[in-house]
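Structure first, then comments.
In my numbering, the protein residues as written are 584 to 955.
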């Protein structure tokens, strides 16, 4: 029986293996492993991609978000106990970044159509303690609307993007400064370059993008032990730097991001056209999405996944347990979030990576159509 793997990082990276080896060897021979030219060049390229003035490379996506909130606290824009509106349907890292800074997450349900934050429900969640809204571009689709622009102005709120899954995605609507590319829509954004991401490093890595020079400078200092210059610590900082080897690898992969994005969009378009089973709900087809995941929904998720596995198709779930139901957030376990919980019980992630042959995508669609 033919096997259809969900993800093979070896296969995905194979086209760039010679370029990666060359970049890593060059870094090794340079003898410079932190805060060097690779990192500076990567920051420049990421800022250009996201249409922002600044990018600060860091250790991973969670740290990127943690640093953003910490920077706003250090700047005086937020303080412990302030509220941050967050999507209930997200990966737990979005929430961890908030609570790690002693801020209070206020969960808002997603849209049944997009699975992303329902911006129509935001204003009802705002209180006099609300200081920010976090929008998560989940699964690779931009989560933005004019409502976010209006609420930012009306209430003086910061809009933070969790852009871990959607680098290069395009929004139908303009962001706060008129752009359409995720990572440059709000006041600041956290990016992840975890190996499974569309732009994946060879280990952990992340970045912050922003147009705010003060916040960029605070984040750069915080990520380097809180120092603005050597052995001069102006904050009680962290060690959240990206190393030169990861920056070198990401510069290689970044050159190929347009083709990676195009390949994922092509595969999503095949699923959209060829999956035709009333028992399987396809995602909203967003032309600006970069398809980090292709999510379908079924009422009998366990039976569906077993059927696919019996036919050689590996799948995953993103995410089976929402943050408010995780053991570490027991204080939120009594929240009534039925849409989030229903989505969590129904979603299945199909193979979508650029390493999956187009013929496999068509065959997987055919297998899905036979599910009863």
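Every residue gets a Cβ at the ideal spot worked out from N, C-alpha and C, and that includes glycine. Because the structure is a prediction, the values reported are computed rather than measured.
In this structure, residue 732 sits away from residue 772, with a CB-CB distance that is not shorter than 8 Å. Selection 828, 905 and 859 evaluated against residue 612 yields 828 as nearest (Cα-Cα). Per DSSP, the unbroken beta strand (DSSP E) holding residue 641 starts and ends at 637 to 641. Secondary structure of residue 854 (DSSP, three-state): helix. In the DSSP assignment, no residue is bridged to residue 683.
A Cβ-Cβ separation of about 27 Å leaves residue 844 out of contact with residue 888 under the 8 Å criterion. Segment contact: the segment 866 to 886 against the segment 727 to 743, fewer than three CB-CB distances shorter than 8 Å; contact not assigned.
Here residue 834 has 606, 621, 624, 625 and 628 as same chain residues with Cβ atoms under 8 Å from its own Cβ, once five neighbours each way along the sequence are excluded. The Cβ-Cβ distance between residue 708 and residue 725 does not fall below 8 Å. Counting every other CB atom within 10 Å of its CB across the protein chains shown gives residue 748 a total of 16 or more, marking it as buried. Per DSSP, the beta bridge partners of residue 775 are 789.
For residue 759 and residue 717, the gap between their C-alpha atoms comes out near 14 Å. Listed in chain order, the non-local C-beta contacts of residue 804 below 8 Å within the same chain comprise 810, 811, 817, 818 and 820, local neighbours out to five positions each way being set aside. When secondary structure is reduced to three states using DSSP, residue 652 falls in the helix class.
In this structure residue 644 is in contact with residue 775, their Cβ atoms being roughly 3 Å apart against a cut-off of 8 Å.
Counting only runs of 3 or more residues that sit fully inside the segment 862 to 921, the beta strand (DSSP E) segments are 877 to 880, in chain order.
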